[in-house]
Amino acid sequence: MYFNPKNILPQKNYSKTYSWIIISLIILVNILIKSYSIVITSMDLDEAYSVFNAQKEVSDLWQMFNDGDNGDAPLYYFTLHYWMGIFGNTILTARSFSLFANICNIIALYLFAKRHLNFNTAIYISILLTVLSLQFYFAQEARVYALSSLFSILSVWCFFELIKEQKLKQIVLLGFINGALLYAHYSMFVLPVAQLIIMFFYLFRAVKTSLYFVVSQLISLLIALPSLLLIDIKSSKGSWSWMRSPTWSNITLLFEEFSNNYFTFIVMMLLFGLFLVVLLTNMKEPKLWVLFGIAFGVFSVSYLVSQFIPMFSSRYLFYLQQFIWLLIVYSISLIRQPFKHLLLVLSFMFLLFSLKPKQEREDWKSTVQYAKEMKKKGYTIIVSPSYMSMPFTYYFDKSKFEDYNNLYPSMLKDDVIFIKLMDRELFDYIEIEKVVFISSHQDVVDPNNENMRILDERYRFQEKRAFKNIECHVFNE
1493 MYFNPKNILP
1503 QKNYSKTYSW
1513 IIISLIILVN
1523 ILIKSYSIVI
1533 TSMDLDEAYS
1543 VFNAQKEVSD
1553 LWQMFNDGDN
1563 GDAPLYYFTL
1573 HYWMGIFGNT
1583 ILTARSFSLF
1593 ANICNIIALY
1603 LFAKRHLNFN
1613 TAIYISILLT
1623 VLSLQFYFAQ
1633 EARVYALSSL
1643 FSILSVWCFF
1653 ELIKEQKLKQ
1663 IVLLGFINGA
1673 LLYAHYSMFV
1683 LPVAQLIIMF
1693 FYLFRAVKTS
1703 LYFVVSQLIS
1713 LLIALPSLLL
1723 IDIKSSKGSW
1733 SWMRSPTWSN
1743 ITLLFEEFSN
1753 NYFTFIVMML
1763 LFGLFLVVLL
1773 TNMKEPKLWV
1783 LFGIAFGVFS
1793 VSYLVSQFIP
1803 MFSSRYLFYL
1813 QQFIWLLIVY
1823 SISLIRQPFK
1833 HLLLVLSFMF
1843 LLFSLKPKQE
1853 REDWKSTVQY
1863 AKEMKKKGYT
1873 IIVSPSYMSM
1883 PFTYYFDKSK
1893 FEDYNNLYPS
1903 MLKDDVIFIK
1913 LMDRELFDYI
1923 EIEKVVFISS
1933 HQDVVDPNNE
1943 NMRILDERYR
1953 FQEKRAFKNI
1963 ECHVFNE
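The working numbering applies: residue 1493 is where the sequence shown begins, and numbers increase by one.
What follows is the structure in structure tokens.
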């Protein structure tokens, strides 16, 4: 057996009651502190996009993905659809699903570490995930990334089980989970690739394990085939990525985000150096090598693929954060000296004091409140770009947001116009005396500032109001 090293430290016998009390307290703390700003923070564009699509009828959702009108994988939207069907169509409900997935992720990571690594690692990694800013951000965001992270730890857990015990059940479980990864997010394909690299370079002499792994991945391909066809449909209609190929600065930024800020990034690198020392002094410790292979494999494959299809960001690689910290915590737990607990406690303190629990997003809530005040004074509202119609309409009139097939014409009746770029002929068809021009993402959709130039030609600028990542310009004739 590969997972039966003689030089591993013996684990203490902790009672089940004691261990479950600890993890229950950790989970309770996570729920309390991560739910704090779920209601307070405004919905941003990405979240509005999630809620807008997830509220659709199932038939409309299927049609959307079949037509290639959505660059995302389908699992999150269908899951969120039924979640909102039970608990209600609100941003609070949508965010609570991400919080639920994040809590399940911590539980799964704890159980995995307790079963395959050791109790100290299970406890410390669960605690560290409580004080990482990215964990807060994606636990409070109505997007797929918390769910993707949960699937990633389940995949690694099944991978460890297959290495430990070659049984039909392990083949099916790993095949199912890895197949489901592509339904969560398309970028998740790098995790099975990392596992394949580990099998090829490290476990190649374990013929039975390798054969079982190959069979499991054939099952994954069969399960993921419909999702792969969706990728092909979307690709045929143009690029869906807004990113650029990564450089060295993207790498350092990624690890800064993984460790809260630049100072704790330095601490993280020092701890990673300690991991390398532990790795070299525990050459026959296979679990450490397998964890390293997963973390390094996901990182390196993502970086290489991103040279052609950019996907190198903390969003798409969010799940990698837990494996890097798991690698560090587990390597420290293998140290026989008593100061290992001091290192882990200090790491926790550094992360705690650098934590940013409240995440700032586009403030559409305050923007729409201002727009409503201006509408009472007779102003027409023009919003650019047009895809900002989703967060704007959610706060402006929830009923129009829910009537997703008629959103644009119904908002036009309320003198709210959504555009990408301003057209001078617009003012020939619609008589507009006073305008509030609300803009966001203008550096992308209007880098030459054409919208403002046209408004300046026709109207007299009155005032400007700014909210988080949003600007409101008021014009009169």
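Glycine residues also receive a C-beta, built at the ideal position from the N, C-alpha and C atoms.
Buried versus exposed call for R1807 [16 or more other C-beta atoms within 10 Å across all chains shown]: Buried.
Under the three-state DSSP convention, the category K1956 falls into: If DSSP states are grouped into helix, strand and coil, K1956 belongs with the strands.
Coarse secondary structure for S1741, derived from DSSP in three states: Looking at S1741 - three-state DSSP - the assignment turns out to be helix.
Opposing strand residues paired with F1967 [DSSP bridges]: Partner(s): V1927 and F1953.
Close beta carbons around V1759, own chain, < 6 Å, minus the five adjacent residues each side: Here the set comprises F1842.
Where S1511 sits in the DSSP three-state scheme: In the structure shown, S1511 sits in a helix (DSSP, three-state: H, G or I).
For T1872, three-class secondary structure by DSSP: Note: T1872 maps to strand in three-state DSSP.
Paired residues, beta bridge with F1910 - DSSP: Answer by DSSP bridge pairing, in chain order: V1875.
C-beta contact flag for Y1629 and Q1851 at 9 Å: Note that the C-beta distance between Y1629 and Q1851 is below 9 Å.
Where I1962 falls: helix, strand or coil (DSSP): The answer is strand: DSSP assigns I1962 an E or B state.
Beta-carbon contacts of T1585 that lie in its chain and below 6 Å, excluding the five residues immediately before and after: When the five nearest sequence neighbours on each side are left out, the beta carbons in the same chain lying within less than 6 Å of the beta carbon of T1585 are those of M1576 and F1579, in order along the chain.
9 Å Cβ cutoff met for L1763 and L1835: It is a contact, given that the beta carbons lie within the stated cut-off.
Pairwise C-alpha distance: Y1694 and S1881: Their backbone Cα atoms lie some 51 Å apart in a straight line.
contact_flag[the stretch 1642-1652, the stretch 1764-1773] where n(CB pairs < 8 Å) is 3 or more: Counting Cβ pairs under 8 Å, fewer than three are found: no touch.
Any 3 or more C-beta pairs closer than 8 Å across the stretch 1869-1887 and the stretch 1934-1941: Because the criterion of three Cβ pairs below 8 Å is met, the stretch 1869-1887 and the stretch 1934-1941 touch.
9 Å Cβ cutoff met for T1872 and K1912: Taking 9 Å as the Cβ cut-off, T1872 and K1912 do not qualify as a contacting pair.
Any alpha helix (DSSP H) of 4 or more consecutive residues that is wholly inside the stretch 1796-1883: Assignment of alpha helix (DSSP H) within the stretch 1796-1883, counting only whole runs of 4 or more residues, yields 1810-1825, 1832-1846 and 1856-1867 in chain order.
Per-residue burial, E1955 [other beta carbons within 10 Å of its own, 16 or more giving buried]: E1955 should be labelled exposed.
L1823 and L1796 closer than 9 Å at C-beta: Looking at the sequence shown, residue 1823 is not Leu but Ser. Annotated as distal: S1823 and L1796, with beta-carbon spacing of 9 Å or more.
Enclosing alpha helix (DSSP H) for P1684 [first to last residue]: Run containing P1684: V1682 to F1693, per the alpha helix (DSSP H) assignment.
Chain-order list of residues whose beta-carbon lies under 8 Å from that of S1973 (same chain, five-residue window excluded): Since the first residue shown for the chain is 1493 and the last is 1969, residue 1973 is missing from the structure and cannot be characterised.
Where P1901 falls: helix, strand or coil (DSSP): P1901: helix per DSSP, three-state reduction.
E1969 burial status per 10 Å Cβ neighbour count (16 or more: buried): So E1969 counts as exposed.
Pick from S1640, L1721, A1634 and E1653 that is closest to N1558, judged by C-alpha positions: Ranking the options by Cα distance to N1558, first place goes to L1721.
Buried versus exposed, by CB contacts within 10 Å (16 or more), S1728: With a pLDDT of 40 at S1728, under the threshold of 50, the predicted position of this residue should be treated as unreliable, and no value is reported.
Coarse secondary structure for K1726, derived from DSSP in three states: Caution is warranted here: a pLDDT of 46 is assigned to K1726, below 50, making its placement in the model unreliable, and no coordinate value can be reported.
Inter-stretch contact at 8 Å, needing at least 3 Cβ pairs: the stretch 1530-1539 / the stretch 1854-1874: In short, these stretches touch, since the Cβ pair count reaches three.
Candidates F1681, V1664 and A1672, of which the one nearest Y1704 by Cα: The residue with the shortest Cα to Cα distance from Y1704 is V1664.
Residue-chain proximity (Q1662, chain C), Cβ-Cβ < 9 Å: Looking at the structure shown, chain C is missing, and only one protein chain is on hand.
Validate contact between the stretch 1654-1669 and the stretch 1543-1552 using beta carbons, cut 8 Å, 3 pairs: In this structure the stretch 1654-1669 does not touch the stretch 1543-1552; the number of beta carbon pairs closer than 8 Å is below three.
Contacts around D1907, its chain only, beta-carbon distance under 6 Å, and the 5 residues preceding and following it disregarded: Once the five neighbours on either side are set aside, the close Cβ partners of D1907 are T1872.
S1846 versus T1571 - alpha carbon distance: Rounded to the nearest angstrom, the two C-alpha atoms are 34 Å apart.
Whether I1595 touches G1667 by CB criterion (9 Å): Contact flag unset, no.
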